[in-house]
Amino acid sequence: MGASEGAGETFCVERIILDEPKLDEVAQRQTEIQRSSIKEKICDSLRCSVGQWKIWILKWIPLLSWIPQYSIRENGLGDVVSGVSVGIMHLPQGMAYALLASVPPVFGLYTSLYPVLVYFIFGTSRHVSIGTFAVISVMIGSVSERLAPDDQFLTNGTNGSVVMETEERDLQRVKVAAATTLLCGIFQVLLGLVRFGFVVTYLSEPLVRGYTTGAAAHVITSQLKYLFGVSPRRFAGPLQLLYTLVELGSLLPQTHIPTLLISLLALTVLIIVKEINSCFSHRLLLPVPIELMVIIAGTLVSHYADLRAVAGVDVVGEVPSGLVPPRVPEVGFFSSVVGDAFAVAVVGYAVSISLGKTFALKHGYKVDSNQELVALGLSNTIGGFFQCYSVTSSMSRSLVQESTGGKTQVAGMISAVIVLITVLKLGPLFEELPTAVLSSVVFVNLKGMLMQCRDLPALWERNRVDLLVWLVAFLCTLLLNLDLGLAASVVFTLFTVIFRTQRPRYSLLGRVPDTELYLETESYKEAKAIPGIAIFRSSAMIYYANAELYREALLEKSGIDVPRLKRRKEEEEKAKKKQDKQTGALRELANRMMVSVKNVSESVHGTDREHIITDGGIATVTRGDENRSFRPEQPHEEEKRDTHSVILDLRPVSFIDTVTLKTLTNIFHDFAEVGVTVYIAGCQVCVVQQLERGGFFSESVSRSRLFPSLHDAVLHCLSRSDRDLSRSEFILPLLFHRKCPALRGYDQQVRVAPSS
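In the numbering used here, each residue carries its 1-based index in the sequence shown increased by 16.
In C-alpha cells:
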C-alpha cells in the first residue's frame, strides 16, 4: 500500500472469484437463523418476574424512569421560567381556539389543563407543549357544527322574533366534541399498543406543511365573522370555504363597526409587539406576553365601557369558576364521527411527533414514537371524560418552552398549574372579554403556518415532486373538507411513490479503468463498457408494478432483440430442413451421374456427355442438350451480435415477489434460447433466500449464476469467454473433387471441432 503526493491511497486485494456457492463456503452462511416464535414472544411478554414488571412499568410510565434523577439545581429554574411563560400563553390561546372548536372559551381552558397533566406522566418528549392547536380545533369545530348546527336551536320569541337557544346549542356541541375526542384517543392508544407508530411515515413533511397551510386558511375563514361582527350561514361539504367567503362578501355591508375597530386595534398591537419579540429575542429574558396583556386590556375596557350594552359588541359571556366533574361522553355520536376522529388522530399525532423528534435531535435524546402515540391517546381519552376537545403539540408554545430554558416535562406541569389557578379563581373575570379580541389572537398565531408558503421556492429548486405534493395537499385542503383533503393528499403522495418506482432510471454500467468500480456509462466518461458483457441496473425496486417495464428496458438497453432472434432461429430451422431435402436430392443426382460417367463412352461429338458445373452456389447438371439447375437454399446469415453475457445488478432490490420471480425466470430462459448467459450480482441474503423458496434455481439456472459483487460476475464472464475462445470451432474446407472429377469446383464447408 502506498500513496503518491496529491493522489489518494491505493489498495490491492487478491482472492478467488466468488459466486454464491463459494461465498457460502468462505463466509459460512447460516441456513437457519434462530428467531423467536410468536408463541415465545407472547410468553416472554406475559412473564411475570419482578424484573419484567419493572421494565414494563418504566416503559409505559416514563415519568417513573426520569423523575427520581431530576436535578432541581440544573433544571429547576429553567423549567419554572418556561412553565410560567407557556402557562401564560395557554390562557389566551385556550380561550381563542375554543371558538375554533365551536365550544365556550372555558372548555379551551379545560383542554389546556387535563391533557397536559396526562402527557406529563406518559410522554417522552421534554420540550413539546401539549394543548390546543388551531388545525385540530377547527377540525373539531367542523364536526360540532355539522352535528349541532344553529338551525336546530332556533325558537320563536316574542313579537314574532327568532331566538337562538345558545346554552342548549353549546351544551350539545360540547358533547359532540367530547365524544370525538374520546374516540380519537381510543384510536391513538390502540395504534400505539400494536406498535403502529410508523403510520406517520406516510405523512411526508411537504404533505403535512401543505395540509396545515390549507387548514390555516380554513381557520382564518372561520374567524372572519368575529372580526366583522356578522353571522354568515354555515356550509358543509366540498368547496365550503369558497361558499363561506362568498357569503361573507355579501354580508360586508352589514359589518359591525365597533367590532371591526376593536379587531383592527388588537391586531395592530399584537403584530407590532410580536415583531419586537422576534427581532430582540436574543436580548429579552422572556418574550413580552402581549396576548395576555391584550386580553386583560380588552376585558377591562369592555367592562368599564359596557361595550356589550352600549355598542352591541359580542363578548365571551359566562365563564364558570371551578372544575367540572368527569362525565362519560355520549358514545351514540361514535358512528357519526368515526371518520373525523380517525383523521384528527392521525393529524394530531403527525404534528406532535414531528415537533418532538425535531427537539430530540437538537438536544440529543430519544423520543419513542409508539409511546408518544399512547401518551397522546391517553391525553385525549382522559380529556374526553372532562369535556375537553382533542389536543396535540403547539409549535408556538413549544418554541417558547424550549427557548426560555425548559429542559424536562416539569415545565408542562407548571404551565398546567397556571391554567388551574385561572380556572379556579380568575375565570369569571374574563366574562366581558370581546370575542373579536380572541379572534385577533388566533389570526396572529397563524403566522407560522402561513409563512410555510416560503417552502415553495426551496422545493422548486430541490425536488419538484415534493413541490407537487405540497401544492396538492394545500389545494385539496382548501377545496375539500379537512378530513377529505387529508385522505386525498395521502393517496396522491402514495401515487407519486408508485409512479417513481414504475419509471426509474435504467442504465448500463461500465468499468472505470484500473478499478473495481462500475458506473453508468451515460453519466461518467471514464466508465467504459466491457466488450461482450452488458451490465444492467435499475435505480428502483423491482416488484409487480414495474417488473414488466424492467424486462422491456433490459431488452432495449442491451440491444438484444430476443423476440426477433427467436423468430429468426425458428426460420433458420425450417430453412435447414428444406435445405437438407434439396441437398439429398442433389447428392442422389450426383451419384447417378458418377455411374453414367463410367458406363457411357465419350464420343467425339460429345452429345452424350454429362457433367456438373457449380457457379455462385448454383449446381447445373448437363446431359446432351438438356440442362437442369439446382440452387440449395442457404440459411439466413446469423445476426451479428457481440454480447454473450448479461449481468443484472440487483443491489437496490430488498425483496422478491412472485411477479418479479416469474419475470426473472423468463429473462434467464429467453436469453438462453438466443445464446446469451444471464447472471445476477449484488443480491442481499434475504433476496437469495426468497429466490430459493420460490423455486428459481434449477438444472439450467444454478446458484453459481449469482455473485456477491459486479466485479466477481465480470471476471467470471471474461474467464469463461477466454475458455470458449480457446475451444472454438473453426472452418475446414473439404473438397469432393478427389472422388468425383465432375464435382471439381464445388466446395462444401464443414465445421470440425479440434481434437483436445
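The beta-carbon is built from N, C-alpha and C at its ideal position, and this holds for glycine as well.
Beta-carbon proximity check, residue i vs residue j, cutoff 8 Å
i	j	result
G213	S385	yes
D356	D499	yes
S725	M557	no
Y365	T127	no
L163	S352	yes
S145	R413	yes
G526	A550	no
V246	L264	yes
A489	Y227	yes
V701	L664	no
A282	M465	no
Y113	G124	yes
V816	R324	Nothing about residue 816 can be reported from this structure: the residues present for the chain run from 17 to 772 only.
L133	T438	no
7 Å CB neighbourhood of residue i in its chain, flanking five on each side removed
i	result
A569	Y522
D631	For D631, the predicted model reports a pLDDT of 47, less than 50, meaning its position is unreliable; a value from the coordinates is still stated below. Nothing meets the Cβ criterion.
S617	The pLDDT assigned to S617 is 43, lower than 50, so where the model puts this residue is not dependable; a value taken from the coordinates is nonetheless given after this. Hits under 7 Å: none found.
T420	V97, S98, S101, L302
E536	S523, L525, A543
P444	V335, S337
A561	I514, T517, Q518
D673	Y559, Y560
Cβ neighbour criterion (16 or more within 10 Å) applied to residue i
i	result
R142	buried
E775	Residue numbering for the chain in the displayed model covers 17 to 772; residue 775 lies beyond these limits and cannot be assessed.
D35	buried
Y320	exposed
K75	exposed
F27	exposed
D388	According to the sequence as given, residue 388 is Glu; it is not Asp. Classification of E388: buried, given that the 10 Å Cβ count is 16 or more.
L377	exposed
P770	Residue confidence for P770 is low, a pLDDT of 36 falling below 50, so the modelled location carries little weight and cannot support an answer.
C733	buried
K241	buried
V304	exposed
A193	buried
R45	exposed
N479	exposed
A780	No information on residue 780 is available, as it lies outside the stretch 17 to 772 that the chain covers here.
R211	exposed
Residue i - DSSP class collapsed to helix/strand/coil
i	result
Q671	It should be noted that the sequence gives Phe, not Gln, for residue 671. Coil.
G364	helix
I88	helix
F552	strand
P520	coil
Y566	helix
D186	helix
Y695	strand
F296	coil
T171	strand
K544	strand
E418	helix
F712	coil
R527	strand
For residue i, the nearest candidate out of the options (CA to CA)
i	options	result
V407	V151, Q168, P84	V151
L243	T438, L454, K463, F251	L454
S87	V458, A545, G422, Y534	G422
A563	N682, C28, V578, V344	N682
T451	W72, L116, G94	L116
T315	M180, P342, C295, I278	I278
A195	Q403, G333, R736	Q403
R5	V210, K70, S160	Outside the modelled stretch of the chain, which goes from 17 to 772, sits residue 5, for which no answer is possible.
Q239	V675, L722, Y540, V460	V460
F350	S718, K191, V703, A729	K191
S81	S661, I71, R89	I71
R667	D686, V704, H685, D95	V704
Close Cβ partners of residue i (< 8 Å) along its chain, the five nearest in sequence each way excluded
i	result
G328	H272, P274
L510	Y218
Cβ-based neighbour list, residue i, same chain, cut-off 6 Å, excluding 5 preceding and 5 following
i	result
F138	A391, L394
D482	P222, L475
Y259	F251
L731	I33
Closer than 8 Å to chain D by CB, residue i
i	result
E477	The structure shown contains no chain D; it holds only a single protein chain.
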